[in-house]
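Read top to bottom, the protein sequences are chains A and B. Counting in our numbering, the first sequence runs from 14 upward without gaps. Counting in our numbering, the second sequence runs from 14 upward without gaps. Just so you know, even glycine gets a beta-carbon here, dropped at the ideal spot from N, CA and C. Report on the structure given below.
2 protein chains.
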Amino acid sequence: MLQNSNSLNATFAALADPTRRAILARLATGEASVTELAAPFTMSQPAISRHLKVLERARLITRGRDAQWRPARIQAEPLREVADWVAQYRQFWDSQFDRLDEYLHTIQTEEKKHVRKRK
Amino acid sequence: MLQNSNSLNATFAALADPTRRAILARLATGEASVTELAAPFTMSQPAISRHLKVLERARLITRGRDAQWRPARIQAEPLREVADWVAQYRQFWDSQFDRLDEYLHTIQTEEKKHVRKRK
DNA sequence: CATGTATATAACTGATAGGCTATATAACTG
DNA sequence: CAGTTATATAGCCTATCAGTTATATACATG
């Protein structure tokens, strides 16, 4: 279950920054150069380059080469891993699972109360 | 689209740590005390308390009170936000969307090439 | 080959993360 | 109320993050 631990660490850390999420959103419409990606932001070009490096290390993007441009492309795999990870918890908000959720929670709470009192 | 930016920042940052993800996995089976949550780990109790505080600030857990115990319970909402966010990118790995994905990518790439050459 | 454009890297800085130990607080229990 | 248990907080340390400016590198082109 935790074999993707390192991968998820890097992916979630990369996604924790709004600039990087905005870059991904932009790349969802197609590849783009660093300058194009930097345009919507007030921060410097090196800052964007570093954000891209973080995304690249998390494998959320790959970089190409087109003359002096280094176009970035979004990569699906880490996003799929996030989707798979969070799907584990779907029961907690999906009404389809409410009954099971409630049941599991009830028996768990009862057990804990007993355990604690015994100690 | 970015109205949940702050919330997602905290949520993704919280999820970037494997200890905190393990705590959430444990809480998916029902509420638990700090000591119970700390048991599987080699780190100190204060370290676990701090991890719980991070999860709490991200609203991924809430804390209760049961005598000297402070049971933690998982909260669905931020996880649902993550699921919603990542669902935006479902097209990139779901084969159902491959054709659209390919089409979008092709026209995007063509456009970019023209723009770059003109400059 | 000199210049312009696109991007990366280096060096610095201030803030935050995540661990520790020691200590404080809160509640139960004899 | 003294001792025990559960948890939180404080203070410290080291590492990493996210930004900056200055500079280097890579490529295109007149």
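- The C-beta separation of B/Leu-28 from B/Glu-94 comes to about 11 Å, leaving the pair out of contact by the 8 Å criterion.
- Cα atoms of B/Leu-73 and B/Ile-87: separation of roughly 6 Å, rounded to the nearest angstrom.
- Between the alpha carbons of B/Thr-48 and B/Gln-58 lies a distance of about 7 Å.
- In the three-state reduction of the DSSP assignment, A/Asp-107 falls in the coil class.
- When DSSP states are grouped into helix, strand and coil, B/Asp-97 belongs to the helix group.
- The criterion of a C-beta distance shorter than 7 Å is not satisfied by B/Leu-40 and B/Ala-80.
- In the structure shown, A/Thr-75 falls within a strand segment according to DSSP collapsed to helix, strand and coil.
- The closest CA to that of B/Leu-37, considering only B/Trp-82, B/Ala-100, B/Leu-92, B/Ala-96, is found on B/Leu-92.
- For B/Phe-25, a Cβ of chain A is located within less than 7 Å of the residue's own Cβ.
- If you draw a straight line from the Cα of A/Asn-19 to the Cα of A/Ala-52, it comes to about 32 Å.
- Taken atom to atom, the span from the alpha-carbon of B/Trp-106 to that of B/Trp-98 is near 15 Å.
- Any Cβ of chain A closer than 7 Å to the Cβ of B/Val-47 would place that residue at the interface, and such an atom is absent.
- Residues of chain B with a Cβ closer than 7 Å to the Cβ of A/Arg-93 are, in chain order, Trp-106.
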